[in-house]
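Colleague: Structure in structure tokens, see below.
Numbering (my numbering), first residue to last: 51 to 182.
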């Protein structure tokens, strides 16, 4: 059955959306202000943005005690939206305070600003990696 992963401000949770009881399991807790979340199925990696910590972070879903890793921790003010190109192995995000859309490798390297002009508080982002 389908699994639903969502950010709940202070934690990231997982729900079996096809189950009889919609009880959630906490994947990551103790967060400040999680906003967006992405799950990389092939590696079991969970990425999320934290607006208060001004960061993009990552951990692994099926590894007990997996450490939380910083992916992007500088130059962010309000990282709201997050999307992943699983084909090109890139993370894309929006920052509603800097009015930017940025991209980096999944580990945060090779970061660059894609759009910064004529944007007014971009919040969400979606990709279609299958079609380029």
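Every residue, glycine too, gets a C-beta built ideally from N, C-alpha and C.
With residue 62 and residue 87 assumed to form a contact (beta carbons below 8 Å), what rounded beta-carbon distance in angstroms separates them?
Modeller: 6 Å
Colleague: Below 8 Å on the Cβ atoms is my contact criterion, and I expect residue 78 with residue 109 to pass it. Report the Cβ-Cβ distance as a whole number of Å.
Modeller: 6 Å
Colleague: Considering only residues of the same chain and omitting the five flanking positions on each side of residue 149, which have a CB-CB separation below 8 Å?
Modeller: 166, 169, 170, 171 and 172
Colleague: Would you give the residue range spanned by the beta strand (DSSP E) that residue 157 belongs to?
Modeller: Element bounds for residue 157: n/a, residue is neither H nor E.
Colleague: Runs of 3 residues minimum, wholly inside the segment 102–139: which ones carry the beta strand (DSSP E) assignment?
Modeller: For the segment 102–139, whole beta strand (DSSP E) runs of length 3 or above, ordered along the chain, are 105–110, 119–122 and 129–135.
Colleague: Quick one: using the 10 Å Cβ neighbour count with 16 as the cut-off for buried, is residue 54 buried or exposed?
Modeller: With fewer than 16 neighbouring CB atoms inside 10 Å of its own CB, residue 54 falls in the exposed class.
Colleague: Measure how close the beta-carbons of residue 67 and residue 51 come, nearest whole angstrom, since I'm counting them as under 8 Å.
Modeller: 7 Å
Colleague: How is residue 84 classed by DSSP in three states: helix, strand or coil?
Modeller: strand
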